[in-house]
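Have a look at the structure below, then the notes.
Numbering (our numbering), first residue to last: 13 to 377.
Listed below in structure tokens is the structure:
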């Protein structure tokens, strides 16, 4: 079974039937080339051109082999590893309950037929949240939290979009294509050479898009009139008598005095204080793309670093690796321009581990 399927019956059947139609078309084309062109035309008297027939057959089957290999690689990747984001615990529990007991009053795809968690998870220890504030830059909302998907119940990483076609979040989602087996996303981009046309269409919308970034700044940086700051980990929720939160867990604005931006004047444990990270919430101008590395680097990040990767879809794109400590995707030179625009040219390295060790030693003394 495929990893995910379309929520629409027509799309599901089209995804299953179209590859068979393509296989039939390739089979018929092979029959025409071999039987009618080579055997009945080139090898039949009075023409009898064996050399030309051999050249045509050899070249045709070489290209046919590449055609089948690339299509199967693309189809299997999209069908079984298209790059969907794992569901959050609430969504997993919701699916389990829906499988156990179907609601008769609503169709299966109706959002009103199940619990809809529109509000982000307010727990500062929310699963997956640490993947963001351990980076130096990530896309965020106005309150400093990452974007939240209310249907998948998870935090959306940079360049992740929710697809209503498959009801899942997808890394660098492009579109649902039944011709290649389903959802085209990050894992299959390098395997489809038509990605250049898709990029042109995508850039039409990127010209007016504004990104909001949480950019790590030195600890203790205060909010200004141009930007606000937020400190992670977030504060714990305060529970009332009824066990519910009396207030929303808000990111801490570091506009207070002291090295950690604390307002209560308490003396926190040095190790706890040094475990915090401060981020400034910055906005790009319309049309600015913080992930633009330059055309050559963009090409290599998607298609691979050598000529073999460009022709043969053996390996996935380098951009599928999200282990970079700076951000989910490499940032271009625009990030430095944004920092300078907001007066944040100071590097986070000035707030590095060596300084932290000296701070701990001085406080112990």
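The beta-carbon is built from N, C-alpha and C at its ideal position, and this holds for glycine as well.
{"Query": "Label residue 154 either buried or exposed according to how many other C-beta atoms from any shown protein chain fall within 10 Å of its C-beta, with 16 as the threshold for buried.", "Result": "exposed"}
{"Query": "Just to check my reading of the structure: residue 192 and residue 42 have Cβ atoms closer than 8 angstroms, yes? What is that Cβ distance to the nearest angstrom?", "Result": "With a Cβ gap of about 20 angstroms, residue 192 and residue 42 do not count as contacting."}
{"Query": "Taking the alpha-carbon positions, what's the residue 357 to residue 228 distance?", "Result": "12 angstroms"}
{"Query": "Tell me, please, whether the region 235-247 touches the region 312-325 by the rule of three or more beta-carbon pairs shorter than 8 angstroms.", "Result": "no"}
{"Query": "If residue 27 and residue 230 are in contact, beta carbons under 8 angstroms, what's the gap, nearest whole angstrom?", "Result": "The pair is not a contact, with the Cβ atoms about 51 angstroms apart (cut-off 8 angstroms)."}
{"Query": "What does a CB cutoff of less than 6 angstroms around residue 212 pick up in its chain, not counting 5 residues either side in sequence?", "Result": "Because residue 212 sits at a pLDDT of 45, beneath the cut-off of 50, its placement in the model cannot be relied upon, and the following sentence gives the value as read from the coordinates. There are no such residues."}
{"Query": "Can you pull the DSSP bridge partners for residue 226?", "Result": "150 and 293"}
{"Query": "In terms of DSSP beta bridges, what is residue 240 paired with?", "Result": "293"}
{"Query": "Indicate the three-state DSSP secondary structure (helix, strand or coil) for residue 123 in the structure shown.", "Result": "Because residue 123 carries a pLDDT of 49, less than 50, the predicted location of this residue cannot be relied on, and no value is offered for it."}
{"Query": "Starting from residue 195, trace the alpha helix (DSSP H) both ways and give me its first and last residue.", "Result": "From DSSP, residue 195 is part of no alpha helix (DSSP H) but of the beta strand (DSSP E) over 194-196."}
{"Query": "What are the start and end residues of each continuous beta strand (DSSP E) run of 3 or more residues lying completely inside the region 49-96, in chain order?", "Result": "none"}
{"Query": "Just verifying my parser: in three-state terms, what is the DSSP assignment at residue 268?", "Result": "Note that residue 268 scores 41 on pLDDT, short of 50, meaning its location in the model is unreliable; the coordinates nonetheless yield the value given after this. The answer is coil: DSSP assigns residue 268 none of H, G, I, E or B."}
{"Query": "For residue 25, count the other beta carbons within 10 Å of its own beta carbon; 16 or more makes it buried, fewer makes it exposed. Which is it?", "Result": "exposed"}
{"Query": "Assuming contact is defined by CB atoms lying nearer than 8 angstroms, are residue 68 and residue 50 in contact in what I supplied?", "Result": "yes"}
{"Query": "Work out the CA separation of residue 56 and residue 36 for me, nearest whole Å.", "Result": "27 angstroms"}
{"Query": "Express the C-alpha separation of residue 76 and residue 33 in angstroms, rounding to a whole number.", "Result": "16 angstroms"}
{"Query": "So, using beta-carbon positions, are residue 338 and residue 149 closer together than 8 angstroms?", "Result": "yes"}
{"Query": "When the Cα of residue 19 is compared with those of 90, 44 and 179, which residue comes out closest?", "Result": "179"}
{"Query": "Give me the Cα-Cα distance between residue 94 and residue 200, rounded to the nearest whole angstrom.", "Result": "7 angstroms"}
{"Query": "Ordered along the chain, which non-local residues of its own chain (more than five positions away) have a Cβ less than 6 angstroms from that of residue 45?", "Result": "72"}
{"Query": "If I measure Cβ to Cβ from residue 133 and keep anything under 6 angstroms in the same chain, skipping five residues before and after, which residues do I get?", "Result": "none"}
{"Query": "Taking Cβ positions, are residue 159 and residue 147 nearer each other than 8 angstroms?", "Result": "no"}
{"Query": "Since residue 167 sits in a beta bridge, which residues does DSSP pair it with?", "Result": "160"}
{"Query": "Classify residue 257 as helix, strand or coil using the three-state DSSP reduction.", "Result": "The predicted position of residue 257 is uncertain, since its pLDDT is 48 and thus under 50; a value taken from the coordinates is nonetheless stated next. The answer is strand: DSSP assigns residue 257 an E or B state."}
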